[in-house]
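Engineer: In this note's numbering, the protein residues as written are 416 to 644.
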Amino acid sequence: MKVLGVGAHPDDIEIFMYGLLSIYKKEGHRVYTMIATDGAKGGIITGVELAQKRANESINALKKISLPIFLNLPDGELGGELEHRKIIKENILKIMPDLIITHSENDYHADHRSLSLIIKWAVSHYIPILYCDTLMGVNFNPNYYVDITDHYELKKEAVLKHKTQSPQRFIDLCELMNSYRAAQCNSPKGKYAEAYSFVSSFPFSDIREILPFPLKLRPFHIENQHGFL
Ligand SMILES: [Zn+2]
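1. Looking at the unbroken alpha helix (DSSP H) that takes in residue 619, where does it start and where does it end?
2. Using a 10 Å radius around the Cβ and a threshold of 16 neighbouring Cβ atoms, would you call residue 580 buried or exposed?
3. Could you tell me which whole beta strand (DSSP E) segments of length 3 or greater appear in the segment 452-525?
4. May I have the straight-line CA-CA distance separating residue 625 from residue 561, to the nearest angstrom?
5. Check whether the Cβ atoms of residue 552 and residue 511 lie closer than 8 Å to each other.
6. Rounded to the nearest angstrom, what separates residue 513 and residue 473 at their Cα positions?
7. Per DSSP, what are the beta-bridge partners of residue 608 in this structure?
8. Mind checking whether residue 421 and residue 530 have CB atoms under 8 Å apart?
9. Spatial neighbours of residue 468 within its chain, please: C-beta separation below 7 Å, excluding the five flanking residues on both sides.
10. Say the cut is 7 Å; is the CB of residue 451 nearer than that to a heavy atom of ligand 1?
11. Report the option in 597, 617, 643 and 521 whose CA atom is closest to the CA atom of residue 434.
12. Under 8 Å: do the segment 487-496 and the segment 451-464 share three or more Cβ pairs, one atom per stretch?
13. Let me check you understand the geometry: is the CB of residue 524 closer than 7 Å to at least one non-hydrogen atom of ligand 1?
14. Cβ of residue 424 versus every heavy atom of ligand 1: is any distance shorter than 7 Å?
15. Determine whether the beta carbon atoms of residue 589 and residue 430 lie at a separation below 8 Å.
16. Which word fits residue 508, buried or exposed, when buried means at least 16 other C-beta atoms lie within 10 angstroms of its C-beta?
17. Rounded to whole angstroms, what is the Cα-Cα separation between residue 463 and residue 604?
18. Using three-state DSSP, classify residue 420 as helix, strand or coil.
19. Can you check which of these residues, 458, 479 and 483, is closest to residue 470 by C-alpha distance?
20. From 584, 615 and 567, pick the residue whose C-alpha is nearest to that of residue 594; which is it?
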C-alpha cells in the first residue's frame, strides 16, 4: 500500500503523524511524505536561508521513513493562489497513494486549514483522507487512536532534528498530547497514542481495513486491569 503524509510546514509531519507513518513503514508499506510550504517564516532568521536549513532538517528528521517531497509554496500564504492548488494536486496524483494523512480543516494555523481543504478538493472521491490531531487537540474529535509507544522514541528523535524551531517545546507538546490520547483509551501511564479522524465519504465509508490496529480496549469496570484508571 502507498501511504502519503502531507504537512503544511517542515516539522508538522513529525509532530502530528510520525508515529503512524513509522508503523506503516515498519509494516512494509511504501511511505511518502510531502511538505507544502518552505517554512521561510518560522524562525529568527527568515527567507531562503531559513528555508534551506529547514529542508535539511526535514530530510534528516524523516530519513527513517521517507525522503520528503518539497513543494516550496510560500509559508503563511498557502492557498492564496490558484497555482498552489494545481501544484498540490499534480504532486499527489503523481503518487496516487492509497491513503493520505494530513491536517484537519479545524486546525489552528491558516496554512494547515488551507492544505486540508485543498487536499480534500484535489483527491475528490479517489483517495481516502485521514485527518491528524490539531495543536493541543482543540476542535478535534478523533475516531481512531493508534498506539505509537514503540515508535515514540523515534518520533522524539525526529522532532528534535528541527533545531531552528527550538524543538524542546514540541517534545513537551507531544508528551502531553500523545499521553493524553492514550489515557483517553484507558491505556496505562507510559503509553502513547496519536489520534486521528476519518470522515466517511463514498466509496470510503469504512477504511478500518487499511489502518493499523487501534489501541487495545481496556474496559473501565474490570478489576486489576492495568489501565490509566
Ligand atoms: Zn504547521
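For every residue, glycine included, the Cβ atom is placed at its ideal position computed from N, Cα and C.
Structural biologist: Working from what's here:
1. Annotation for residue 619: no alpha helix (DSSP H) segment contains it, and DSSP assigns it neither H nor E.
2. By the neighbour-count criterion, in which 16 or more other beta carbons inside 10 Å mark a residue as buried, residue 580 falls on the buried side.
3. List check, beta strand (DSSP E) in window: 484-488 and 514-517.
4. Between the alpha carbons of residue 625 and residue 561 lies a distance of about 13 Å.
5. For residue 552 and residue 511, no; Cβs fall outside 8 Å.
6. Those two C-alpha atoms are separated by around 23 Å.
7. Beta bridge pairing from DSSP links residue 608 with 562.
8. Yes, Cβ-Cβ distance for residue 421 and residue 530 is below 8 Å.
9. Answer for residue 468: 579, listed in chain order.
10. Checking every heavy atom of ligand 1 against the Cβ of residue 451, none is found closer than 7 Å.
11. Its Cα nearest to that of residue 434, the residue 597 stands out among 597, 617, 643 and 521.
12. Yes, since at least three Cβ pairs between the segment 487-496 and the segment 451-464 fall closer than 8 Å, the two stretches touch.
13. Result yes, Cβ under 7 Å from ligand 1.
14. Yes, the beta carbon of residue 424 sits closer than 7 Å to at least one heavy atom of ligand 1.
15. In this structure, residue 430 lies closer than 8 Å to residue 589 by Cβ.
16. Flag for residue 508 reads exposed.
17. For residue 463 and residue 604, the gap between their C-alpha atoms comes out near 43 Å.
18. Here residue 420 sits in strand by DSSP.
19. Closest option to residue 470, Cα to Cα, is 483.
20. Ranking 584, 615 and 567 by Cα distance to residue 594 puts 567 first.
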